[in-house]
Amino acid sequence: MPDSTICMSFDFDALSVWFGYPNTSPAMLSRGEYGARVGVPRILTLLKAYNLPATFFIPGHTIDSYPDVVDTILKAGHEIAHHSYAHVDPGKQSPDEERRDMEQALEALNTVALKPRGYRSPSANFSQVTLALLDEYEFLYDSSLMGDDFRSYHPRLGDQVSQQSPLVRGQEARVWELPICFEFDDWVHFQFNFTPYRNGTSAPSKVLEIWTADFGWMHQHIDGGILTLAMHPQVIGRGHRIAMLEQFINHCLSQDGVTFKQMGDVAKNLQ
Numbered sequence: 007m008p009d010s011t012i013c014m015s016f017d018f019d020a021l022s023v024w025f026g027y028p029n030t031s032p033a034m035l036s037r038g039e040y041g042a043r044v045g046v047p048r049i050l051t052l053l054k055a056y057n058l059p060a061t062f063f064i065p066g067h068t069i070d071s072y073p074d075v076v077d078t079i080l081k082a083g084h085e086i087a088h089h090s091y092a093h094v095d096p097g098k099q100s101p102d103e104e105r106r107d108m109e110q111a112l113e114a115l116n117t118v119a120l121k122p123r124g125y126r127s128p129s130a131n132f133s134q135v136t137l138a139l140l141d142e143y144e145f146l147y148d149s150s151l152m153g154d155d156f157r158s159y160h161p162r163l164g165d166q167v168s169q170q171s172p173l174v175r176g177q178e179a180r181v182w183e184l185p186i187c188f189e190f191d192d193w194v195h196f197q198f199n200f201t202p203y204r205n206g207t208s209a210p211s212k213v214l215e216i217w218t219a220d221f222g223w224m225h226q227h228i229d230g231g232i233l234t235l236a237m238h239p240q241v242i243g244r245g246h247r248i249a250m251l252e253q254f255i256n257h258c259l260s261q262d263g264v265t266f267k268q269m270g271d272v273a274k275n276l277q
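The numbering of the sequence shown is our numbering, which starts it at 7 and goes up by one.
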C-alpha cells in the first residue's frame with residue numbers, strides 16, 4: 007500500500023471574505039464572526055483530540071481584527087500562512103496594488119513574529135504577476151492552483167498561450183505547488199448565499215463520500231500522494247460538518263501508511 011499524506015488547511019477569512027460581495031451587510035459579516043467565535047475553537051478542539059497538525063491561511067485583516075484567536079492557533083502549534091490582507095482577488099488588482107497587498111499582509115504576519123512559508127490566493131486565482139511575486143518574496147510553497155491533484159509540482163513563469171496560438175511553456179518557478187481543487191473545498195459544498203446565488207446546502211454524507219472516495223483512489227494508486235483539504239472555520243465549524251470531518255479523519259487514520267502533516271513541512275521535505 008502506498009504512503010499517503012493528508013494536509014488539513016483552514017482559510018480563516020473571518021470578516022474579510024465578505025468584503026468582496028456587493029452590498030456587504032452586518033448580517034453577512036456575522037458569518038465571519040461565527041468563524042472566529044465558534045468555528046476556530048471547534049476546529050482546534052478536534053485537532054487536539056487526535057493530535058493532528060494543520061495549516062491556517064489567515065488574511066492580515068483577520069490577524070489585526072482577531073489577534074487573540076490567532077494566538078490560540080499559534081499556541082496549539084499549527085502553521086500560519088499568507089492569505090492576502092483583506093481577501094481581494096489578485097486577478098482584480100494592478101501589479102502595484104497586489105504588491106502592496108502582499109506587503110501589508112506580511113506586516114500583519116510580522117506582528118505575530120512569523121515569516122510564512124506558504125501562500126494561498128483569495129478566490130484561488132492568480133494575476134499575471136502573482137507567481138513572480140511569490141518567487142521574489144521567497145515563499146516555499148503555494149496552494150492555489152489545480153494543475154495536478156495528489157502530486158506537488160513547480161508552476162511555470164511566463165507561459166504564453168491564447169485562443170490563436172498553442173501553449174509555449176515558460177520556466178519553472180522555484181516555489182512548490184501543493185494543489186487544491188474545488189471538490190475539496192467546503193465553501194463550494196456548504197456556503198449558502200442569496201446574491202450571487204449559491205445553493206450551499208449539501209448533505210455532509212455527500213461531501214464525505216467525495217472526500218473518502220478520492221482519498222481511497224489516491225491511497226491505492228499514488229505512492230507519496232498528498233491530499234489537501236481547503237476548509238473555512240465559518241463553514242466547516244457547524245456541528246454536523248465538524249462531525250463529518252471527524253468521520254473523515256477516522257477513516258484516514260484507519261488505513262495503513264497515512265500521515266497528517268502541515269503544508270510547510272510537506273514542502274520542506276520536497277527540497
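No residue lacks a Cβ here, since even glycine has one placed at the ideal position from N, Cα and C. No experiment lies behind these values; they were computed from the predicted model shown.
Assigned exposure category for residue i - 16 Cβ within 10 Å defines buried
i, result
"Glu272", "It is Val, not Glu, that sits at residue 272 in the sequence shown. So Val272 ends up on the buried side."
"Pro73", "exposed"
"Phe198", "exposed"
"Leu173", "exposed"
"Met152", "exposed"
"His329", "Outside the shown range of the chain (7 to 277) lies residue 329, about which nothing can therefore be said."
"Val213", "buried"
"Asp102", "exposed"
"Arg175", "exposed"
"Leu53", "buried"
"Ile216", "exposed"
"Glu183", "buried"
"Asp17", "buried"
"Thr265", "exposed"
"Thr117", "exposed"
"Lys121", "exposed"
As assigned by DSSP and simplified to three states, the class of residue i
i, result
"Asn29", "coil"
"Gly153", "coil"
"Pro101", "helix"
"Asp271", "helix"
"Ala20", "coil"
"Val135", "coil"
"Gly245", "helix"
"Ser127", "coil"
"Phe254", "helix"
Range covered by the alpha helix (DSSP H) that runs through residue i
i, result
"Ser211", "210 to 227"
Residue(s) in a DSSP beta bridge with residue i
i, result
"Leu259", "Answer is none; Leu259 lacks a bridge partner."
"Gly206", "DSSP output for Gly206 lists no bridge partner at all."
"Gly231", "Ser10"
"Met237", "Phe16"
Extent of the continuous beta strand (DSSP E) to which residue i belongs
i, result
"Phe266", "264 to 266"
Residue i Cβ short of 7 Å to the ligand ATP heavy atom set
i, result
"His84", "Absence of the ligand ATP is noted for the structure shown, with no ligands found whatsoever."
**Message:** List, from N- to C-terminal side, the alpha helix (DSSP H) runs of 4 residues or more that fit wholly inside the stretch 36 to 121.
**Reply:** 46 to 56, 66 to 71, 73 to 81, 101 to 116
**Length-filtered (3 minimum) beta strand (DSSP E) runs lying within the stretch 137 to 198** = Listed in chain order, they are 166 to 168, 171 to 174.
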